[in-house]
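Sequence positions in the sequence shown follow UniProt numbering and run 1 to 401. Worksheet for the structure shown next.
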Amino acid sequence: MNILLIHVKKNRLPDHVLKALFPQFLTVITEPGHLQAYGPGVDVRLVDNVQDLESLRAEVLTVLRNRRIDRVFMPFELGQAQAAFVREYFGIPGIGFTAANALTNKYVMKLRLQEAGLPQAAFAMAAGVDRIEHAGNEVGWPAVVKPAVGGGSLDIYKFDSAADARAFAASHDADAIRKLTCPLVVEALVDIKTEYHCDGIVDGGEVRFAKASEYLVPVLGHGEQFGSRILPDDDEATAQILELHRRAVAATGLQDGVTHMEFFKTADGLLASEIACRPAGGGIPHAIALQTGVDIWTACLDMALGRAPKTAETPGDGPIAHWYLTVPPGRIVKLTDEDQLRQIDGVVDVVTNFKVGDTVPTRQNSATAAMLVFAKADGRAEVDRLTKEIYGAYRVEVSSE
């Protein structure tokens, strides 16, 4: 099988997924300065921006003049719609543009969810920075502004009033989003009591596997303590989350793929936020695998290659919660040893993302962490105990030099 991997430069695949690609002939289209390293025998081709549709289409055509492409693998949000267009344009099986656009373009996504009757916060589109004020007046203040395409809580802004939005648009603070090539989504800010997520596997248009989870604190602007726990099947929120997730899958037209969807609990009830067709970031896939034996990343690859996903659960270490040990920007000079964290009662695994000597970037997303800690946590009281012990044991020092 000849596989084309379309890959944004800043993303890395999990090691086991990259290794699973190698029995096939692999062609990669990525960008200059890509972080992912590829092995010998991989045909790596560069375009300035994989989200530039014409550049991507032209490069795929060049590949096809040398060999056939059986399947396209694109498991990250940026560039997913463009990869889907390439599939349709060249007749390659897999997710098509209409579904991919509804799962990556947040404005179109919210339109599809609205049409299906899912409860949401009020929203509007702003085609540019100068249109934020108008859109905010439409949905009401305060409001949250984010790129229509993007993830990881990057480039998200909150404005309390039209005057704040107007001042922002006139300042250099707006330069980053002024350069974006996609529109903005302006959404009414809601008072979030609890934030949830649901991670699923969709095969043949049906949800074959899904787990509802609760973030320990809301994602946007979270502090040093952050994580999530997988909810029991009998939790009062689980059934509603799973049903809204099922309806969102149908509304976006997804036939085969993995999902990550977020929800807000408010005083007025549960609101659907966003749904993506990709594995969740951070430690969520590993937490699900520890509890259920189901590998979200492997399922993502299997379906991209036309294979049936494995969705049968096996007894694991659950119920599982996990924590993000955050780290400020700079060069790490001191970091808690993971063996110390493993000694905490209930901890089943620790994953280290940064080590002493590494430089942590200034620009971080919501899942950036020096370490991830996974533990068996049967109930919120046990989560609270583990939170206190894990963060009590964690130490990190960075140098700005």
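The beta carbon of each residue, even a glycine, is placed where N, CA and C say it ideally should be.
Handout entry: Selected residue, minimal CA-CA separation from R278, among G357, A304, G293
Key = The shortest Cα separation from R278 among G357, A304, G293 belongs to A304.
Exercise for the section: Taking only the alpha-carbon atoms, compute the straight-line gap between T359 and N353 and give it to the nearest angstrom. Expected result: One Cα belongs to T359, the other to N353, and the distance between them is close to 11 Å.
Exercise for the section: Write down every uninterrupted run of the beta strand (DSSP E) in the segment 222-276 whose length is 3 residues or greater and which is fully enclosed by it, in chain order. Expected result: Here the runs fully enclosed are 225-230, 257-266, 269-276.
Handout entry: Coil, strand or helix - G151 by DSSP
Key = Coil, per DSSP.
Exercise for the section: Go to L335, then tell me how far its beta strand (DSSP E) extends in each direction, as first and last residue. Expected result: Going by DSSP, L335 is part of the beta strand (DSSP E) stretching over 330-335.
Practice task
Assign N101 to one of two classes, buried (16 or more other C-beta atoms within 10 Å of its C-beta) or exposed (fewer than that).
Solution key: Label assigned to N101: buried.
Practice task
Using DSSP bridges, identify the partner residues of L216.
Solution key: The partner list for L216 (beta bridge, DSSP) is empty, contrary to what the question assumes.
Handout entry: Beta-carbon gap between A287 and I320 smaller than 8 Å
Key = A distance below 8 Å separates the beta carbons of A287 and I320.
Exercise for the section: Please name the residue in G306, A176, H245 whose C-alpha comes closest to that of R363. Expected result: Of the candidates G306, A176, H245, the one whose C-alpha sits nearest the C-alpha of R363 is A176.
Practice task
Report yes if the C-beta distance between G91 and V8 is below 8 Å; otherwise report no.
Solution key: Using a Cβ distance threshold of 8 Å, G91 and V8 do not count as a contacting pair.
Problem - Touch test, the segment 366-377 against the segment 338-351, Cβ-Cβ under 8 Å, three pairs minimum - result: With three or more CB-CB distances shorter than 8 Å, the segment 366-377 counts as touching the segment 338-351.
Exercise for the section: Flag this pair as yes or no: are the beta carbons of F159 and V145 separated by less than 8 Å? Expected result: Yes, the Cβ-Cβ distance between F159 and V145 is below 8 Å.
Practice task
May I ask which residues mark the beginning and end of the beta strand (DSSP E) holding I177?
Solution key: Careful: I177 lies outside any beta strand (DSSP E), inside the alpha helix (DSSP H) at 175-178.
Problem - Candidates D48, L5, D52, of which the one nearest Y38 by Cα - result: Nearest option by C-alpha distance: L5.
Exercise for the section: Enumerate, from N- to C-terminal direction, the unbroken alpha helix (DSSP H) stretches of 4 or more residues contained entirely within the segment 12-81. Expected result: Taking 4 residues as the shortest admissible run, the segment 12-81 contains the following complete alpha helix (DSSP H) segments, listed from N- to C-terminal end: 15-21, 53-64.
Handout entry: Segment limits, beta strand (DSSP E) that includes T352
Key = T352 -> beta strand (DSSP E) spans 347-352.
Problem - Residues near V44 by beta carbon distance below 6 Å, same chain, minus five either side - result: Contacts found: V28, Y38.
Handout entry: With 16 other Cβ atoms within 10 Å as the buried cut-off, status of E224
Key = When all chains shown are included, E224 counts as exposed.
Handout entry: C-beta neighbour in chain C for A312, strict 8 Å
Key = Here chain C cannot be found, since the structure has a single protein chain.
Exercise for the section: Assuming G293 and G316 form a contact by the criterion Cβ under 8 Å, report the distance between their Cβ atoms to the nearest whole angstrom. Expected result: The C-beta distance from G293 to G316 rounds to 5 Å, short enough to fall under 8 Å.
Exercise for the section: Check G316 in the structure and name its three-state DSSP category. Expected result: DSSP places G316 outside both helix and strand once states are collapsed to three, so it counts as coil.
Exercise for the section: Would you kindly check if the distance between the Cβ of Q36 and the Cβ of residue 409 is under 8 Å? Expected result: Beyond the ends of the chain as shown, which are 1 and 401, falls residue 409; an answer cannot be given.
Exercise for the section: Let me know if P93 comes out buried or exposed under the rule of 16 or more other beta-carbons within 10 Å of its beta-carbon. Expected result: Exposed is the call here.
Problem - Distance between D295 and E243 (C-alpha atoms, nearest Å) - result: Answer to the nearest angstrom: the Cα atoms are 22 Å apart.
Practice task
Spell out a yes or no on whether the segment 56-70 and the segment 213-227 are touching, meaning 3 or more CB-CB pairs, one atom from each, closer than 8 Å.
Solution key: Contact between the segment 56-70 and the segment 213-227 is absent, because fewer than three Cβ pairs lie under 8 Å.
Handout entry: Closest Cα partner of M261 within the set D155, V207, M125
Key = Distances from the alpha-carbon of M261 to those of D155, V207, M125 put V207 closest.
Practice task
Output the distance between the C-alpha atoms of K106 and V149, rounded to the nearest integer angstrom.
Solution key: Distance between the alpha carbons of K106 and V149: 6 Å.
Exercise for the section: Could you check how far apart the C-beta atoms of L231 and A248 are, in whole angstroms? I think they sit under 8 Å. Expected result: Contact check for L231 and A248: beta-carbon distance about 18 Å, past the 8 Å limit, so the pair fails to qualify.
Problem - K388, DSSP secondary structure in three states - result: Helix.
Handout entry: Pick from H245, P14, A312, M125 that is closest to residue 439, judged by C-alpha positions
Key = Since the first residue of the chain shown is 1 and the last is 401, residue 439 is not available in this structure.
Practice task
Return the chain-ordered list of same chain residues with a C-beta closer than 8 Å to the C-beta of A250, the five sequence neighbours on each side being excluded.
Solution key: Leaving aside the five residues that flank A250 on each side, the residues in its chain whose CB is nearer than 8 Å to its CB run, in chain order, A116, G205.
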